[in-house]
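Engineer:
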Amino acid sequence: MIPVSWALAGVLALPVSMPASAASEAAVQAEGSGRLVFEPGLRGTLSVVDAKGEEVAALALGRRVVVDLPAGRYTLRDAQGSDVQTVEVEADEARSVTLPASFADPAASPVATASSSEGTQTDSPVVVQGRLGSPSDAAAQEVELVRRRRWARWAAPLLSAVVPGGGQALNGQPGRGLAVFTGTVGLVLGTVAVWAARDPGAGATAGQSGDNPRQIVRLTGLAGLSSAAGLLYLGQIMDAHAQAVDRRPPRPRTGHVIALEVSRFTAVGFAPGQPAFDLYPDWSLAIMGQLVPRLTLGLSDAGVKYTRNRDMLTVQAGVRAAYRFYEGRRLWLAAGGGGLFQGTRARARTTANADAETDPEIERAFSAVPYVHFDARLFLLDRWSLGLMPRVSVPLLARRFRGGRTLPRYATTFELGANMGVYF
Amino acid sequence: MRRSSLAAGALALAGCVLGFRGEAPFSAEHALTDTTELRIELPNTPLSVVACAADVPDTCPESLRYDGVWLSVGGSRKDAREQAATPTLEFSRDEGFAILGARVPLAVDGLVDLEMGQLRVPDDRHLDLRTGVGDVSVVGTEASVVIDVEIGDVEVRGADGGLAVRTGSGNIDVVTPGHAELRTGDGRVEVSQAGLARELTVVTGRGDMVVTLANDADIDLQVRTEGRISVRTPSITTVTSGQLDRRNGNGSVRIELSSTRGDIEVRTVDPG
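Spelled out as C-alpha cells, the structure:
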C-alpha cells in the first residue's frame, strides 16, 4: 500500500499545465478591469493580494503571464508571504511589472527586473505601459492567463466528490482529471474485485482447510487497495480545491492549535477455525492539541463498534502523544505512542436456555492496548493532510473489532493506518 | 516456498498479527429418555447427524452422543490452550423438549471456533438444527426434521415425518419419503421423493432445481421461473418458461416449485 499511496502524492503533484483554450481566454476581459503583465525571464511564485488582504491570484513565473484584475491597489507577495511590492491597476490599462533582481532567472536575459539596490518593497506604482489592446490583439493571444473563478473554489471539489477528476477538468486540467479518474476508478474496481473473490462459505465444510497464502494475499490486497482508494479519492477533492483557489504549494499550518483526524487502521491477522485469517479494520477519530511547537497530545482512537450477533457494543477511546521531527514544504514526519481503551457490553451467548423467559445475562469486558507509531503526512492544502501511520500494538486484554472480530491479548499487532487531518 | 514468501511479504506491507493456535477436543453423551424433540442450536459449525434405529436399543441407546473440537487463537501458547477450553456445550431438557447449545463467554468471543464431529441420535426424535455458517447433513431419521442455516449446503436422507429446510446460501440435496418445504437464497436444489407422492414446496433464488416426484397421478403442479421449465412425467411432457400450471386427477398433492432465474426440471421416479 505504501508505494500506491505515495503514488497518490505523485499524481497530485503533477505540474500545472494550462490548456490551449486558456490562451484564447486572454482576450476575454471583465469590464472595468486592468491587466498586470509579467515578462518571461523571471522565476519563482507570487501571490496577488487585494486591498482587503485576500489573495486573488497565485502566479508561477517563467513564461509571460498576464493577470486580469479589477481596478485597484494590489500587493505582490513572495512564496514566504513577504511583501514584494504594491501595484496599482487601472481600468483598461496594462501594466508591465518590474520585480526585484532576486526574481530574475539567471538562465534567461534580464527582463523586467530591477537591481537589488532598488529594494524589495516599494509603495510606488510600477511603470504603465500603454493601454489594453482590442480582443483581437495578437500579442494578447500569446500570453498565459491566470484567472480566479470564485465559484470554482467549491464547485471543483464538489464535482470531484461526485466524479473523481471532474474538479480537475473543471479547473482546466483535463489530463490531471483523467489520471485521477482512472486511478480512483481502478482502485475502487480493484477493491471490489478482491472483496468479491472471498468465499462466503469458507469454513462451512467439516475438515476443509483453506488456501492460507492466497487468503493472506487477498486480505492484504483488500486492505491496501481500499486504503489507497480512500486516500486518492480524498486527495483529489482537496487537489481540486487547491487548484481552483491558486496553484502555489501548500503551506502547512505548523502553528495550529487543534487537529481533527479520521483514521483507518488495518491488520491481517489469524482467526480461529476456517477461514484461518481475517482482516481487522479499525476506524477512529482523534482530536489532537499542539501543546508546544511540534509536540501534540490529545484524545485519539475514539470509535464505536456494534455487532448485532450478541447485541455487542464496544466503545473505545485513547490518548496519544507525538513529536514532529521533520517539517518539509509538504511533508511532516512524526513519531509517538499512546494507549487505546475499550469497554464492551454484550448479551451472553448461550442457546441452551433460549426459550427461558428471563432476561438474557449481560457480560462486560475491558481492554487496554498500548502502541507506538510513526506518522507521515502529506499536505495538499494548507490545513488538510493525508497520511500513513504504521503502528505496533500489544493488547493487554482481548481487543474488539467490527463484526465481532477479536484479537487476543499479547498478540503483537502491526497495523497500517491511513488518515486525513484538518488543522485549526 | 514462493507462495509463503509472497504471503510474508504481503503481511509485512499490510500489517499482521503474531500469536498461537490452540484446540480442545471434547465428547459427550446426554440421555434423551422421554424426549420427543431435540433442538441443536450452535454457532458456526458443520453439523452431521446420523440417526440409528430406535427400535434396536442394543445398538442405539436412547441418548444424544457427539464429539468435536474447540479451536482458538491466543497471544501466547498457554492463552491459546486456555481459551480453547473456556467455551462449553450445554444440554438442557424440559419435559419432552431438549436443547443442545453453546456458551461462549465474552472473554473468548471471536477467539474460538467450534467444529462438531458426528452427532448420533435415535431416529424417532424430531430434530431442529440451527447454525450460522456450516454444512448440515442428516441421515436416517424417521421423525420430522427442521434445518435453518445461514450459509451452508444441506443434505438429508430420510425425514419421513416431514422436512423443512432454509439456507441463506447453499445447495440442497434431499431424498425423503415425507412432505418437504425447501428454500435457498442462492443454490441448486435436488430433491427426490421416496415412497408415496407427498406435498412439496421448493423455492430458490438463482439456482437450478431438479425434482423427482414419486408419481404424477394426483398432483397439482405449479412452476414459476424466468429460466427454463422442463417436465417429463408419464402424463406431462413440456418445455417452457415463465409459468406452468398442471393438474392431474384430483390434484390432491400440491407441488409448488419457484425460482427467480434458475432452470427447473421435473420428472418422476418411474418415467413411464
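Going down the list, the sequences are from chains H and B.
Under numbering that gives the first Met the number 0, think of the first position of the first sequence as 0, with each following residue one higher.
Under numbering that gives the first Met the number 0, think of the first position of the second sequence as 0, with each following residue one higher.
Cβ atoms here follow ideal geometry from the backbone N, Cα and C, with glycine treated the same way.
Quick caveat, the model's predicted, so the values are computed rather than measured.
(1) Given a limit of 7 Å on CB to CB distance, which residues of the stretch 123–146 of chain B reach chain H?
(2) Would Leu118(B) count as contacting chain H if we go by Cβ distances under 8 Å?
(3) Return the CA-CA distance between Val371(H) and Leu224(H), expressed in angstroms with no decimal places.
(4) Let me check one thing: in DSSP terms, what residues is Ile236(H) bridge-paired to?
(5) Counting pairs of beta carbons, one from the stretch 243–256 of chain H and one from the stretch 280–295 of chain H, are three or more of them closer than 8 Å?
(6) List the whole-angstrom C-beta distance separating Gln192(B) from Leu181(B), where the pair is believed to meet the contact cut-off of C-beta under 8 Å.
(7) Under the three-state reduction of DSSP, which class applies to Arg404(H): helix, strand or coil?
(8) Does the pairing of the stretch 59–67 of chain B with the stretch 111–121 of chain B give three or more beta-carbon distances under 8 Å?
(9) Please tell me whether Thr412(H) has its Cβ less than 8 Å away from any Cβ of chain B.
(10) Comparing alpha-carbon positions, which option in Ala196(H), Ala151(H), Gly174(H) and Leu231(H) lies nearest Val184(H)?
(11) Under a three-way DSSP split, which group does Ile171(B) fall into?
(12) Would you mind telling me which residues of chain H sit closer than 7 Å to Arg156(B), beta carbon to beta carbon, in chain order?
(13) Report yes if the C-beta distance between Leu68(H) and Gly40(H) is below 8 Å; otherwise report no.
(14) At the 8 Å Cβ level, is Pro369(H) part of the contact set with chain B, yes or no?
(15) Counting only runs of 3+ residues fully inside the stretch 139–197 of chain B, write out the beta strand (DSSP E) ranges in chain order.
(16) Exposed or buried, what is Thr219(H) when buried is set at 16 or more other beta-carbons lying within 10 Å of its beta-carbon?
(17) For Arg175(H), report the span of its alpha helix (DSSP H) as first-last.
(18) Which runs of the beta strand (DSSP E) fall wholly inside the stretch 374–399 of chain H and span at least 3 residues, in chain order?
(19) DSSP state of Arg80(H), grouped into three classes?
(20) Could you pull out every residue in the same chain whose Cβ sits closer than 8 Å to the Cβ of Leu425(H), ignoring the five residues on either side in sequence?
(21) Starting from the beta carbon of Leu406(H), find every residue of chain B whose beta carbon is closer than 9 Å, and list them in chain order.
(22) Going by alpha carbons, who is nearest to Gln289(H) out of Pro274(H), Leu259(H) and Gln315(H)?
(23) State whether the stretch 375–390 of chain H contacts the stretch 403–418 of chain H, with contact taken as three or more CB pairs (one from each stretch) at a distance under 8 Å.
(24) So, under 8 Å CB-CB, Ser143(B) and Gly116(B) are touching, yes? Tell me the CB distance rounded to an integer number of Å.
(25) Residues bridged to Pro280(H) by DSSP?
(26) Please report how far the alpha carbon of Glu225(B) lies from the alpha carbon of Ser251(B), in whole angstroms.
(27) Answer yes or no: does any C-beta atom of chain H fall closer than 8 Å to that of Pro81(B)?
(28) Between Arg217(H) and the rest of its own chain, which residues show a CB-CB distance below 8 Å, the 5 nearest in sequence each way excluded?
(29) Measure the C-alpha to C-alpha separation of Gln235(H) and Leu169(H) and round it to an integer number of angstroms.
(30) Please list, in chain order, the chain H residues whose beta carbon lies closer than 7 Å to that of Glu114(B).
(31) Taking Val164(B) as the reference, give the member of Ile98(B), Phe96(B) and Val148(B) with the closest Cα.
Structural biologist: In terms of the structure at hand:
(1) Val132, Gly133 and Asp134
(2) What you label residue 118(B) is simply residue 119 of the second sequence in a count that begins at 1. No, because no Cβ of chain H sits closer than 8 Å to the Cβ of Leu118(B).
(3) One-based indexing of the first sequence puts residue 371(H) at position 372. One-based indexing of the first sequence puts residue 224(H) at position 225. If I take the Cα positions, the gap works out to 24 Å.
(4) Here residue 236(H) refers to the residue found at position 237 of the first sequence. DSSP, once it has assigned bridges, lists no residue as partnering Ile236(H).
(5) yes
(6) In the second sequence, residue 192(B) corresponds to position 193, counting from 1. In the second sequence, residue 181(B) corresponds to position 182, counting from 1. About 12 Å; that fails the 8 Å criterion.
(7) Here residue 404(H) refers to the residue found at position 405 when the first sequence is read from its first residue. Here Arg404(H) sits in coil by DSSP.
(8) yes
(9) Here residue 412(H) refers to the residue found at position 413 of the first sequence. At least one chain B Cβ lies under 8 Å of Thr412(H).
(10) Here residue 184(H) is taken as the residue at index 185 of the first sequence, counted from 1. That would be Leu231(H), whose Cα lies nearest to the Cα of Val184(H).
(11) The residue labelled residue 171(B) in the question sits at position 172 within the second sequence. Ile171(B): strand per DSSP, three-state reduction.
(12) On the second sequence, position 157 is the one that residue 156(B) refers to. Here the premise fails: no neighbours, minimum Cβ distance about 17 Å.
(13) One-based indexing of the first sequence puts residue 68(H) at position 69. One-based indexing of the first sequence puts residue 40(H) at position 41. Taking 8 Å as the Cβ cut-off, Leu68(H) and Gly40(H) do not qualify as a contacting pair.
(14) Taking the first sequence and counting its residues from 1, the one referred to as residue 369(H) is at position 370. No, its Cβ sits nowhere closer than 8 Å to a Cβ of chain B.
(15) 144–150, 153–157, 162–168, 171–175, 179–183 and 188–192
(16) Position 220 of the first sequence, counting from 1, holds the residue named residue 219(H). By the neighbour-count rule (16 or more Cβ atoms within 10 Å), Thr219(H) is buried.
(17) Here residue 175(H) refers to the residue found at position 176 of the first sequence. Note, Arg175(H): alpha helix (DSSP H), Pro173 to Ala195.
(18) 383–392
(19) As a first step, residue 80(H) must be located in the first sequence, where it is residue number 81. For clarity, residue 80(H) is Gly in the given sequence; the question names Arg instead. Coil at Gly80(H), not helix or strand.
(20) Chain H is shown only over 0 to 423; residue 425(H) falls outside these bounds and no answer can be derived.
(21) Within the first sequence, residue 406(H) is the residue found at index 407, counting from 1. Simply Val16, Gly18, Val72, Gly74, Gly109 and Leu110.
(22) Mapped onto the first sequence, residue 289(H) falls at position 290. With distances taken between Cα atoms, Gln289(H) lies closest to Leu259(H).
(23) yes
(24) For this step, residue 143(B) is matched to residue 144 along the second sequence. For this step, residue 116(B) is matched to residue 117 along the second sequence. Actually they are not in contact, since the Cβ atoms of Ser143(B) and Gly116(B) sit about 24 Å apart, beyond 8 Å.
(25) Mapped onto the first sequence, residue 280(H) falls at position 281. Paired residues: Thr265(H).
(26) Locating residue 225(B) in the second sequence gives position 226, where the first residue counts as 1. Locating residue 251(B) in the second sequence gives position 252, where the first residue counts as 1. Rounded to the nearest angstrom, the two C-alpha atoms are 26 Å apart.
(27) Here residue 81(B) corresponds to residue number 82 of the second sequence, with the count starting at 1. Sequence inspection shows Glu at residue 81(B); the Pro mentioned does not correspond to that position. No - not a single Cβ of chain H is within 8 Å of the one on Glu81(B).
(28) Translated into positions along the first sequence, residue 217(H) becomes position 218. The answer, listed in chain order, is Val193, Ala196 and Arg197.
(29) Locating residue 235(H) in the first sequence gives position 236, where the first residue counts as 1. Locating residue 169(H) in the first sequence gives position 170, where the first residue counts as 1. When rounded, the distance between both Cα atoms is 13 Å.
(30) As a position in the second sequence, residue 114(B) is number 115, starting the count at 1. Per Cβ cutoff of 7 Å: Ala205 and Gly272.
(31) One-based indexing of the second sequence puts residue 164(B) at position 165. Nearest option by C-alpha distance: Val148(B).
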